[in-house]
Amino acid sequence: MTKEEFRAARTALGLKTKPLARLLDIDPRTCRRYAGGEPIPFTIHLLMTAMSRFPGVYKMAQVEQERRDEARDKAVKDAIAAAQAAANAPPRRRRIL
Numbered sequence: 004m005t006k007e008e009f010r011a012a013r014t015a016l017g018l019k020t021k022p023l024a025r026l027l028d029i030d031p032r033t034c035r036r037y038a039g040g041e042p043i044p045f046t047i048h049l050l051m052t053a054m055s056r057f058p059g060v061y062k063m064a065q066v067e068q069e070r071r072d073e074a075r076d077k078a079v080k081d082a083i084a085a086a087q088a089a090a091n092a093p094p095r096r097r098r099i100l
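Straight run, no breaks: the sequence shown in the numbering used here ends on number 100.
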C-alpha cells in the first residue's frame, strides 16, 4: 500500500489521524508516518483495505475498539479501587520473634 492509497482509504473512512490510529491500535505519530511515506505493514494494509471496501469490517473494528476502551476503563477503575483499599487498610502488625 502506498501513502496515496493509505490517505485515500483514510478519506474513504472519513477519519482523521487520531481516530484512525485508535481504531488501528497504533500511535498517531505512526499513522502520520504511514501517510508520509513510511512503509506500511501488511496487516495495516489489509485492515485499511477491508475497512474502506466493506462497511461491516469497519463496524466490527469500531465495536472492538469500544470493547478495548471498556476493558481499559474497568482495569483503571479496579486499580484505583485496590489502591484506595490498600491506603485505607489498617497497618499490618509485624510479629516479633
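For each residue, glycine too, the CB sits at the ideal point set by N, CA and C.
* Taking buried to mean at least 16 other C-beta atoms within 10 Å of its own C-beta, is Met54 buried or exposed? -> buried
* Asked: Using 8 Å as the Cβ pair cut-off and three pairs as the minimum, do the region 45-53 and the region 8-17 touch?
  -> With the rule of 3 Cβ pairs closer than 8 Å, the region 45-53 counts as touching the region 8-17.
* Asked: What's the gap between the Cα of Phe57 and the Cα of Pro93?
  -> Taking the straight line joining both Cα atoms gives about 57 Å.
* Asked: How is Thr33 classed by DSSP in three states: helix, strand or coil?
  -> helix
* Asked: In chain order, what residues of the same chain lie with their CB nearer than 6 Å to the CB of Arg13, ignoring the 5 residues before and after it?
  -> Leu23
* May I have the straight-line CA-CA distance separating Asp28 from Ala85, to the nearest angstrom? => Taking the straight line joining both Cα atoms gives about 27 Å.
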